[in-house]
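Trainee: Sharing a structure, written as structure tokens. Questions coming.
Protein chains in written order, with the numbering used here: chain G, 1 to 636; chain Z, 1 to 207.
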């Protein structure tokens, strides 16, 4: 249940950072919100979609991040307030539009929230999106907590409207996916009317002129940032060490200083407005200490920009010793933790700190390594991707020409590991399996004689694979495209997409037919249920033999988590204990050791396999893999 | 109410799908309702697919602490799965750490596949007792299964926590939050699960 619509100013709620951002947008009177799901950003639009009807807001799961930003920008150009949200990779997709929109300018407040994922806890990279603020000459805000995430979002709309440019908010996993106290503000009571002023076209030309205007807006922004309450200092008048931080770094710095009792020796400058730099404020702060430590995730963004500024005003602020990523004091990859800072400050300021005895640490580490078995990630019981990769593995082995699968982003990315029998051989951006296959599919002329396969999910197909397929059909790339249609954006929490027949607002609409679209391109298209393992293998083998052009195989079977809720088990599955030959079989525990479904258990005491009925979802696929035909299934 | 230690640090750990996140959210909101500053840090994403999950709860009267507990500073670990408590104590435990543990193991895929072994439960519990100042053990999954659904285990554990007098949480606070955060049709069952957890831990203390 979404709490973000609660109409009770002053009430304190425990909100996720993403919900706080959504609430901030609501309080600012946002009317149009759009996103493509991606962790750690998904709950922003997810929570807004739940209250959209009631608050009369338009909320959309867009086909990709560029379209999401365009949808939100249209609201702005019609005088309304708009919000687009995305993860770091998504801003790359949206950036082409963003780097023109900065020049044309905006009208109604437009806020772009990007949630970065330091340490890539649920991502394929850990890029620092703040670089885009410099690249696009746009204002950048970084929340350091939950209340601030809400207040900052609300203010970002005002700032955007005042300056006439989109405002970027950069969050990180430890803000977006954490929870904390948030005191609610007033809900707006009025809606704006949308109107596009046709007398003033929205154009980036003449570019040099609009670029100059943009720089003037940034100068104006700098002035606003000088007095912003989001920048503050906590510490003594003349600290031995001055920490300069933003985002989650603020929370870690506070934690470290209070743990070590360094409140009288270390000062912390928190910057909430990180581009353009509030130079007057910074100059004042830098004068406080000779030693400055930068604490930020992931790149040395503040570090580089503040160092450059400090060089400019060196005569006024004096020489400084700068510590951070450049000096090797803090790591320049991965997320920071309070422990990074505790360790660093302890050494730098020569204080003692022992949270627990060394003997305890050793005993606890030994206990965990001996008695807490590793939990490797795997596909869920009854996941159609397991069946698909099994068939692919077999088909490629039978084909014998060392064919390979080019991969993509989704649950099926686990195909790179044991869960998918190590079948997926590349992993980059959304749609990049299909894109790379366009290139590999042309290398036959230079001797590449291996079959080329690409894989993408249903949501990814709409997001980024369609242009690659158009290109493939037109330029005659030779590959087999596997579309793993599990009817869900499963990885990020089952958000609707154009194949599901539902919108973010809960409306029922006509789904967009994957096969129909591919056929319209002129590709050869087949469809199979991967649970029919033999049939899948047969079709795959046939398609691998074909020579030229792009062939599409849609492997359609609902995500086990969705199917389980909707209809329960397809089959009752069990292992006939007489037929199972156990270790004497010669299959070397194929069903458990290799197939690795959580519902199939190797029973060490009996030396045979058995089905765990509490976990088995009844897909029945394992019945096709047992060489002794000991796994039996019966329609339930 | 002042805390014995501020911030008071709690880790709720388990395996993806056990209701870890919901338990931490409910507990956190109960404490916010009592006027505390609460921060919760959660592991997400890939950990949903059979991996270890943990939530850090920081409770304070003075500051909004970071979502990550520093090394060695957990005051209590609530384990929805016993071996996960050992995994959490390695980085976050200290000799004063307490543990509230659900006895029922969940086997990792590596164990199911026959590639590694799950330790003897007795061995796990002995290690837990050596590494903690106090341990409470109950079979929350069994209690939940008696109620018809293993998913009640997390609420049983919250009920158990309420009986330990470590944090100011009680049935009334739970009811109030559950009405806001959980679906209405299982309200009676959730309240019963909370109550059963309370009784189970009292029974454990008596024996």
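Note that beta-carbon positions come from the ideal geometry of N, C-alpha and C, so glycine has one too.
What does residue 40 of chain Z touch in chain G if you count any residue whose Cβ is under 8 Å from its own?
Mentor: Against the second chain, residue 40 of chain Z aligns to sequence position 40. Neighbours of residue 40 of chain Z on chain G, chain order: 14, 178, 179 and 180.
Trainee: Rounded to whole angstroms, what's the CA-CA distance from residue 627 of chain G to residue 528 of chain G? Just pull it up for me.
Mentor: As a working mapping, residue 627 of chain G is identified with position 627 in the first chain. As a working mapping, residue 528 of chain G is identified with position 528 in the first chain. One C-alpha to the other measures close to 23 Å.
Trainee: For residue 32 of chain Z and residue 25 of chain Z, what's the separation of their Cα atoms in angstroms?
Mentor: In the second chain, counting from the first residue as 1, residue 32 of chain Z sits at position 32. In the second chain, counting from the first residue as 1, residue 25 of chain Z sits at position 25. Cα-Cα distance, rounded: 10 Å.
Trainee: Under DSSP, the alpha helix (DSSP H) around residue 196 of chain Z begins and ends at which residues?
Mentor: Counted from its first residue, the second chain places residue 196 of chain Z at position 196. That run of the alpha helix (DSSP H) goes 187 to 206.
Trainee: Three or more beta-carbon pairs under 8 Å between the region 576 to 589 of chain G and the region 390 to 403 of chain G, yes or no?
Mentor: Not touching, per the Cβ criterion.
Trainee: Expressed to the nearest angstrom, what Euclidean distance is found between the alpha-carbon atoms of residue 236 of chain G and residue 285 of chain G?
Mentor: One-based indexing of the first chain puts residue 236 of chain G at position 236. One-based indexing of the first chain puts residue 285 of chain G at position 285. Cα to Cα, the separation comes out at about 11 Å.
Trainee: Output needed for residue 2 of chain Z: all residues of its chain with C-beta closer than 8 Å, excluding positions within five of it in sequence on either side, in chain order.
Mentor: Numbered from 1 along the second chain, position 2 holds the residue referred to as residue 2 of chain Z. Answer for residue 2 of chain Z: 61, listed in chain order.
Trainee: Under 7 Å between beta-carbons, which chain G residues line up against residue 71 of chain Z? List them in chain order, please.
Mentor: By 1-based counting over the second chain, the position of residue 71 of chain Z is 71. 339 and 355, listed in chain order.
Trainee: Pull the bridge partners of residue 12 of chain Z from the DSSP assignment, please.
Mentor: Residue mapping note: residue 12 of chain Z aligns to position 12 of the second chain, counting from 1. Partner(s): Z:55 and Z:78.
Trainee: Listed from N- to C-terminal order along the chain, which residues in the region 138 to 158 of chain G have their beta-carbon within a distance smaller than 9 Å of any beta-carbon of chain Z?
Mentor: Of all residues in the region 138 to 158 of chain G, 145, 146 and 147 have a Cβ within less than 9 Å of some Cβ in chain Z.
Trainee: Would a C-beta distance cut-off of 8 Å place residue 120 of chain G and residue 17 of chain G closer than the cut-off?
Mentor: Residue 120 of chain G sits at position 120 when you count from the first residue of the first chain. Residue 17 of chain G sits at position 17 when you count from the first residue of the first chain. No; because the gap between Cβ atoms is not below 8 Å, this pair is not in contact.
Trainee: What residues in the region 110 to 133 of chain Z bring their beta carbon closer than 9 Å to a beta carbon of chain G?
Mentor: Per Cβ criterion, the list reads 110, 111, 112, 113, 114, 115, 116, 117, 118, 119, 120, 123, 124, 127, 128, 130 and 131.
Trainee: Is there a Cβ of chain G sitting closer than 8 Å to that of residue 174 of chain Z, yes or no?
Mentor: As a position in the second chain, residue 174 of chain Z is number 174, starting the count at 1. Output row for residue 174 of chain Z: interface = no.
Trainee: When you compare the CB positions of residue 144 of chain G and residue 250 of chain G, do they come within less than 8 Å of one another, or not?
Mentor: Counting from one through the first chain, the residue named residue 144 of chain G turns up at place 144. Counting from one through the first chain, the residue named residue 250 of chain G turns up at place 250. Yes, Cβ-Cβ distance for residue 144 of chain G and residue 250 of chain G is below 8 Å.
Trainee: I'd like to know if the region 183 to 194 of chain G and the region 161 to 174 of chain G are in contact, where contact means that at least 3 CB-CB pairs between them fall below 8 Å.
Mentor: Short answer: they don't touch.
Trainee: Can you tell me whether DSSP reads residue 78 of chain G as helix, strand or coil?
Mentor: Here residue 78 of chain G is taken as the residue at index 78 of the first chain, counted from 1. DSSP places residue 78 of chain G in coil when its eight states are reduced to three.
Trainee: Compute the Euclidean distance between the alpha carbons of residue 81 of chain G and residue 57 of chain G, then round it to the nearest angstrom.
Mentor: Sequence index remark: in the first chain, residue 81 of chain G carries index 81 (1-based). Sequence index remark: in the first chain, residue 57 of chain G carries index 57 (1-based). Straight-line Cα distance between these residues: approximately 10 Å.
Trainee: Measuring straight from C-alpha to C-alpha, what distance separates residue 68 of chain G and residue 192 of chain Z?
Mentor: Within the first chain, residue 68 of chain G is the residue found at index 68, counting from 1. Within the second chain, residue 192 of chain Z is the residue found at index 192, counting from 1. Each residue's Cα considered, the two are about 45 Å apart.
Trainee: Helix, strand or coil: which one does DSSP assign to residue 638 of chain G?
Mentor: As displayed, chain G neither begins before 1 nor continues past 636, which places residue 638 of chain G out of reach and without an answer.
Trainee: Mind pulling the alpha helix (DSSP H) runs of 4 or more residues that sit fully within the region 81 to 154 of chain G?
Mentor: As far as the region 81 to 154 of chain G is concerned, its whole alpha helix (DSSP H) runs of at least 4 residues are 88 to 104 and 131 to 136.
Trainee: Residue 225 of chain G lies in the beta strand (DSSP E); which residues open and close that run?
Mentor: Here residue 225 of chain G refers to the residue found at position 225 of the first chain. No beta strand (DSSP E) holds residue 225 of chain G; the alpha helix (DSSP H) holding it covers 207 to 226.
Trainee: Name, going along the chain, the residues of the region 256 to 286 of chain G whose beta-carbon falls closer than 7 Å to a beta-carbon of chain Z.
Mentor: Answer in chain order: 259.
Trainee: Over what stretch of residues does the beta strand (DSSP E) that includes residue 12 of chain G continue unbroken?
Mentor: As a first step, residue 12 of chain G is located in the first chain; it is residue number 12 there, counting from the start. Start and end: 12 to 16.
Trainee: The alpha helix (DSSP H) spanning residue 397 of chain G covers which residue range?
Mentor: Taking the first residue of the first chain as 1, we reach residue 397 of chain G at position 397. Where residue 397 of chain G is concerned, the enclosing alpha helix (DSSP H) stretches over 384 to 399.
Trainee: Which of the three DSSP states is assigned to residue 305 of chain G in this structure?
Mentor: Along the first chain, read from residue 1 onward, the residue named residue 305 of chain G stands at position 305. Residue 305 of chain G: helix per DSSP, three-state reduction.
Trainee: Measuring alpha carbon to alpha carbon, tell me which of G:418, G:375, G:266 and G:475 ends up nearest residue 350 of chain G.
Mentor: Counting from one through the first chain, the residue named residue 350 of chain G turns up at place 350. Among G:418, G:375, G:266 and G:475, the Cα nearest to that of residue 350 of chain G is on G:266.
Trainee: According to DSSP, is residue 478 of chain G helix, strand or coil?
Mentor: What you label residue 478 of chain G is simply residue 478 of the first chain in a count that begins at 1. Residue 478 of chain G falls in the coil class under three-state DSSP.
Trainee: Let me know if residue 633 of chain G comes out buried or exposed under the rule of 16 or more other beta-carbons within 10 Å of its beta-carbon.
Mentor: Sequence index remark: in the first chain, residue 633 of chain G carries index 633 (1-based). Buried: at least 16 other Cβ atoms inside 10 Å.
Trainee: Would you list the one or two residues that DSSP bridges to residue 233 of chain G?
Mentor: The residue given as residue 233 of chain G occupies position 233 in the first chain. In DSSP, residue 233 of chain G forms a bridge with G:269.
Trainee: Using 8 Å as the limit for Cβ to Cβ distance, is residue 602 of chain G near chain Z?
Mentor: Locating residue 602 of chain G in the first chain gives position 602, counting from the first residue. Residue 602 of chain G counts as touching chain Z.
Trainee: Please identify, using Cβ separations under 8 Å, the residues of the region 3 to 16 of chain Z that lie next to chain G, in order along the chain.
Mentor: The region 3 to 16 of chain Z vs chain G, Cβ under 8 Å: 15.
Trainee: Kindly list, in the order they appear in chain G, the residues whose Cβ is closer than 9 Å to that of residue 162 of chain Z.
Mentor: Translated into positions along the second chain, residue 162 of chain Z becomes position 162. Per Cβ cutoff of 9 Å: no residues; residue 162 of chain Z is ~18 Å from chain G at best.
Trainee: Measuring only the C-alpha atoms, how far is residue 45 of chain Z from residue 134 of chain Z?
Mentor: Mapped onto the second chain, residue 45 of chain Z falls at position 45. Mapped onto the second chain, residue 134 of chain Z falls at position 134. Low confidence applies here, because residue 45 of chain Z scores a pLDDT of 49, under 50, leaving its location unreliable; read the following figure in that light. Those two C-alpha atoms are separated by around 32 Å.
Trainee: At a CB distance below 9 Å, what residues from the region 56 to 73 of chain G approach chain Z? Give them in sequence order.
Mentor: Answer set for the region 56 to 73 of chain G: empty.
Trainee: Please identify the residue among G:77, G:54 and G:45 whose C-alpha is closest to the C-alpha of residue 84 of chain G.
Mentor: Translated into positions along the first chain, residue 84 of chain G becomes position 84. Cα-wise, what sits closest to residue 84 of chain G is G:45.
Trainee: Pairs of beta-carbons, one from the region 481 to 501 of chain G and one from the region 36 to 45 of chain G, closer than 8 Å: are there three or more?
Mentor: With a cut-off of 8 Å, the region 36 to 45 of chain G and the region 481 to 501 of chain G count as touching, because enough Cβ pairs lie within range.
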